[in-house]
Amino acid sequence: MDARSPGWISVGLAGGENPQRARAFREKGSAVTVRVLIDAHTVQNRVAEMAEQLADDYRTSPPVVVGILNGAVRFTMDLLSGMPSDFSQLVDYDFVGVSTYEGTRPRSQADVRSYTVVDMRDRHVLVVDGIIDTGATLLRVLSLLKAHCPKSLKICVLLDKPAHRTHEVRIDYTGFAIDDQFAVGYGMDLDQRYRGLPYIGVEDSPISRGLRAPLHWSTELH
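Per this note's numbering, the sequence shown starts with residue 3, numbered consecutively.
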């Protein structure tokens with residue numbers, strides 16, 4: 003079972019739509035609509051909470067933070083900037099490039115495209131990703147980093163989507179749990195689009211509308 007961080011929020015599907023929480027974004031000349039699943043304010047607040055918790059948990063030994071390209075760049079940097087400056091200046095960070103999706107379909111095996119990391123022997127290491135889906139990406143990255151003999155190795159994700167989980171991976175810090183939806187925005191993309199959206203949205207195409215119930219927010223805290 004995942005050990006989610008305190009305050010993680012479950013965002014699900016139900017039979018009704020909350021007009022205060024759902025709005026649409028439509029590209030010019032495109033039939034694709036992105037619907038807001040988690041608004042920018044809620045994302046920012048949750049990331050700030052996670053940054054505070056990480057700084058507290060690692061207060062005696064600042065970690066090496068390893069972000070997964072490209073989807074976790076914004077999340078990683080916002081976590082670092084949300085930490086107290088005297089602490090964040092002691093945090094080393096790097097990125098690992100991994101290809102995990104072909105369109106909206108997760109690859110059967112994560113493809114590591116770039117891999118340069120700082121010295122992490124006998125140091126605490128925190129892996130940061132935007133979303134965990136099948137778990138293949140994080141499992142692949144963990145296997146690479148373990149070869150560097152870290153003192154500890156933990157995982158922090160913004161979104162946990164367990165519907166397609168095929169690999170057992172322990173998650174130490176979770177921002178939001180979502181249902182089976184393809185999330186974009188806040189650094190995450192669909193064929194390199196929508197990364198710049200300040201909120202987390204889901205594609206609402208004619209095909210997906212036939213598969214998904216209307217969006218509804220559940221703000222139950224776990």
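Ideal placement from N, C-alpha and C gives every residue a C-beta, glycine not left out.
Query raised in the report: Using the beta-carbon count (16 or more within 10 Å), is K148 buried or exposed?
Result: By one-based count along the sequence shown, residue 148 stands at place 146. That one is exposed.
Requested in this report: Please report the residue range of the beta strand (DSSP E) in which E205 lies.
Outcome: What you label residue 205 is simply residue 203 of the sequence shown in a count that begins at 1. 202 to 206 is the span of the beta strand (DSSP E), which, as asked, contains E205.
**Report entry** Option in S154, D206, E205 with minimal Cα separation from V127
**Finding:** Locating residue 127 in the sequence shown gives position 125, counting from the first residue. Checked all of S154, D206, E205; the closest Cα to V127 is S154.
Query raised in the report: Since F178 is in the beta strand (DSSP E), which residue starts that stretch and which ends it?
Result: Sequence index remark: in the sequence shown, residue 178 carries index 176 (1-based). Start and end: 175 to 180.
Report task. With a 10 Å radius around its C-beta and 16 neighbouring C-beta atoms as the bar for buried, classify G198 as buried or exposed. Result -> Within the sequence shown, the letter at position 196 stands for residue 198. By the 16-neighbour rule on beta-carbons within 10 angstroms, G198 is exposed.
Query raised in the report: Within this structure, are the beta carbons of V49 and L92 separated by less than 9 Å?
Result: The residue labelled residue 49 in the question sits at position 47 within the sequence shown. The residue labelled residue 92 in the question sits at position 90 within the sequence shown. Between V49 and L92, the C-beta spacing is not below 9 Å.
Report task. Alpha carbon to alpha carbon, how far is S90 from D59? Give it in angstroms, no decimals. Result -> Position 57 of the sequence shown, counting from 1, holds the residue named residue 59. Position 88 of the sequence shown, counting from 1, holds the residue named residue 90. Going from the Cα of D59 to the Cα of S90 covers about 13 Å.
Report task. Give the range of the alpha helix (DSSP H) segment to which T35 is assigned. Result -> Within the sequence shown, residue 35 is the residue found at index 33, counting from 1. Not the alpha helix (DSSP H): T35 falls in the beta strand (DSSP E), residues 35 to 40.
Query raised in the report: Nearest CA to the CA of L39: which residue from D193, D182, V159?
Result: Numbered from 1 along the sequence shown, position 37 holds the residue referred to as residue 39. Nearest Cα to L39 within the set D193, D182, V159: D182.
Report task. Identify the continuous beta strand (DSSP E) that holds K156 and give its terminal residues. Result -> For the purposes of this step, residue 156 is identified with residue 154 of the sequence shown, where counting begins at 1. K156 -> beta strand (DSSP E) spans 154 to 162.
Requested in this report: Please report how far the alpha carbon of V98 lies from the alpha carbon of C151, in whole angstroms.
Outcome: Position 96 of the sequence shown, counting from 1, holds the residue named residue 98. Position 149 of the sequence shown, counting from 1, holds the residue named residue 151. Straight-line measurement puts the Cα of C151 at about 17 Å from the Cα of V98.
Requested in this report: Select from Q46, R37, R125 the residue whose C-alpha is nearest the C-alpha of T62.
Outcome: Against the sequence shown, residue 62 aligns to sequence position 60. Here the closest residue by C-alpha is R125.
Query raised in the report: Which residues in the same chain as P196 place their Cβ atom closer than 8 Å to its Cβ, once the five residues preceding and following it in sequence are excluded?
Result: Residue 196 sits at position 194 when you count from the first residue of the sequence shown. One detail in the question is off: residue 196 reads as Tyr in this sequence, not Pro. Taken in chain order, the residues that qualify are V36, V186, G187, M190, G203.
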